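Participant:
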Amino acid sequence: MDLPVVIEEMKDVPFREITRLDCEDELLKFSAPVLGKGATAIIPLSSEATLISLSGTPEQSYRLGYSQYYEGKVLINLMIEGKVTHILNKSVTATVQGGSSFIYAVGGERSYMELPVSHRFEVVSLVLSQSAFESALDRFFADQGPAVRQQCISAMFTKDRPGSVFQFSGELRLVVRQILRCRLRGNFRRVFLDCKFFELLSYYFASITEIDQKAVRFSARDVATLQEVRRALATGDLTSISIQELCRQFGINRFKLTMGFQSVFNTSVARFYRQQVLARAYQSLSDGLYNVSQASAEFGYATSAAFSRAFYKEFGIRPSEVTRQVRAS
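For reference, each letter of the sequence shown is one residue, going 1 to 329 in the UniProt record's numbering.
1) At the level of alpha carbons, what is the spacing between residue 147 and residue 206?
2) Below 8 Å on the Cβ atoms is my contact criterion, and I expect residue 280 with residue 299 to pass it. Report the Cβ-Cβ distance as a whole number of Å.
3) With a threshold of 16 other CB atoms inside 10 Å of the CB of residue 195, please say whether the residue is buried or exposed.
4) Can at least three beta-carbon pairs, one atom from the stretch 47-67 and one from the stretch 117-124, be found at a separation below 8 Å?
5) Alpha carbon to alpha carbon, how far is residue 289 from residue 155? Give it in angstroms, no decimals.
6) Once the 5 residues before and after residue 43 are set aside, which same chain residues still bring their CB inside 6 Å of it?
7) Residue 98 by DSSP, collapsed to three states: which one?
8) Look up residue 334 in the DSSP assignment and say whether it is helix, strand or coil.
9) Quick one: any contact between the stretch 66-82 and the stretch 29-46, if contact means 3 or more CB pairs under 8 Å?
10) According to DSSP, simplified to helix, strand and coil, what is residue 50?
11) I'd like the list of long-range same chain contacts for residue 286, defined as Cβ closer than 7 Å, with 5 residues on each side in sequence excluded.
12) For residue 113, which residues does DSSP report across the bridge?
13) Can you give me the C-alpha to C-alpha distance between residue 102 and residue 320, rounded to a whole angstrom?
14) Give the single residue among 151, 123, 124, 35 whose Cα lies nearest to the Cα of residue 134.
15) Give the list of continuous alpha helix (DSSP H) stretches no shorter than 4 residues that lie fully inside the stretch 170-247.
16) By the 10 Å Cβ neighbour count, where 16 or more other Cβ atoms means buried, how is residue 40 classified, buried or exposed?
17) Only counting the same chain, and skipping five residues up and downstream in sequence, which positions put a Cβ closer than 6 Å to that of residue 314?
Listed below in structure tokens is the structure:
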């Protein structure tokens with residue numbers, strides 16, 4: 001494998017306007033050497049919190065330095081699609097895949113996000129000041145005692161300490177989509193984003209605390225098997241999807257599969273699989289591979305109307321709107 005190109009500063013590539021533009025109206029599309037084709041947005045959610053969205057398909061493996069932008073900040077990284085490796089101060093690494101997240105306290109070290117060539121990714125980072133993060137913890141865990149609050153702090157990655165990688169819920173993904181597609185103006189937009197900021201944190205903190213509290217009911221082997229099931233559902237490589245077939249294929253009983261999956265990943269097997277199918281459908285429509293009727297048939301829906309209803313419920317947008325945006329771009 002070729003060594004990745006190291007990009008210390010965003011201005012080192014024909015991409016500099018992206019770090020200086022609040023993309024409040026739409027994702028800013030770009031095409032640049034190494035980074036390939038992609039889109040980005042920088043959206044202020046409040047006076048102390050910003051949402052950064054970056055997606056693309058790299059033309060070459062690259063390692064993007066980002067700690068200089070976020071000194072003294074807390075990053076909640078949400079991997080919507082793909083896989084990246086974070087190198088924190090050369091001594092701590094974290095590999096984050098689609099549907100996974102981690103918290104990182106940036107404390108002066110040189111840290112990088114490494115992305116492989118030709119693999120599409122989408123990553124969203126919620127950037128908070130230290131005071132805003134601590135205030136949010138106080139607000140969410142005021143009645144649960146210091147132990148649960150400390151649980152979130154202990155999950156953080158720092159330059160010296162490996163933290164924890166968590167799975168986040170489909171509801172959180174939907175909130176991100178709603179933020180990125182908001183077209184409100186003025187005070188309407190300000191209030192909307194402020195509410196979505198706390199809604200996003202609600203789902204995120206719930207994912208962290210509920211996973212840790214419930215996973216202890218199952219053995220390490222059970223959890224490892226559930227991780228295998230989740231990976232298989234996410235890749236779409238399974239030829240037959242049913243609870244009975246999954247139990248047979250992965251050697252796990254029905255109770256551990258259904259109750260364990262819900263406890264560990266904070267969602268049901270069926271809902272997770274449906275989300276993955278719709279995510280692949282969304283990507284196919286965005287890439288212009290199918291029209292709506294073709295996508296509905298390809299991804300297992302009996303009618304285009306049923307596909308459109310499920311798609312809108314998941315993403316808050318009709319599949320026909322996605323295809324129109326593709327034709328307009």
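Glycine residues also receive a C-beta, built at the ideal position from the N, C-alpha and C atoms.
This structure is a prediction, so every number in the text was calculated from the model and none was measured.
Facilitator: A quick look at the data gives this:
1) Here residue 147 refers to the residue found at position 147 of the sequence shown. Here residue 206 refers to the residue found at position 206 of the sequence shown. Distance between the alpha carbons of residue 147 and residue 206: 14 Å.
2) Within the sequence shown, numbered from 1, the residue matching residue 280 stands at position 280. Within the sequence shown, numbered from 1, the residue matching residue 299 stands at position 299. Residue 280 to residue 299, Cβ: 7 Å. Contact.
3) One-based indexing of the sequence shown puts residue 195 at position 195. With fewer than 16 other Cβ atoms within 10 Å, it is exposed.
4) yes
5) If you number the sequence shown from 1, residue 155 lands on position 155. If you number the sequence shown from 1, residue 289 lands on position 289. Computed Cα separation, rounded: 40 Å.
6) Against the sequence shown, residue 43 aligns to sequence position 43. Only 51 meet the Cβ criterion.
7) By one-based count along the sequence shown, residue 98 stands at place 98. Coil, per DSSP.
8) Look at the range of the chain in this structure, 1 to 329, and you will see that residue 334 is not part of it.
9) no
10) On the sequence shown, residue 50 is found 50 positions in, with the first residue counted as 1. If DSSP states are grouped into helix, strand and coil, residue 50 belongs with the strands.
11) Within the sequence shown, numbered from 1, the residue matching residue 286 stands at position 286. So the list reads 322, 326, once near-sequence residues are dropped.
12) By one-based count along the sequence shown, residue 113 stands at place 113. BP columns for residue 113 point to 64, 86.
13) Position 102 of the sequence shown, counted from the start, is the residue given in the question as residue 102. Position 320 of the sequence shown, counted from the start, is the residue given in the question as residue 320. Straight-line Cα distance between these residues: approximately 34 Å.
14) The count along the sequence shown starts at 1 and reaches residue 134 at position 134. The residue with the shortest Cα to Cα distance from residue 134 is 151.
15) 170-180, 186-215, 220-235
16) Position 40 of the sequence shown holds residue 40. By the 10 Å Cβ count, residue 40 comes out buried.
17) Taking the sequence shown and counting its residues from 1, one reaches residue 314 at position 314. So the qualifying residues of the chain are 278.
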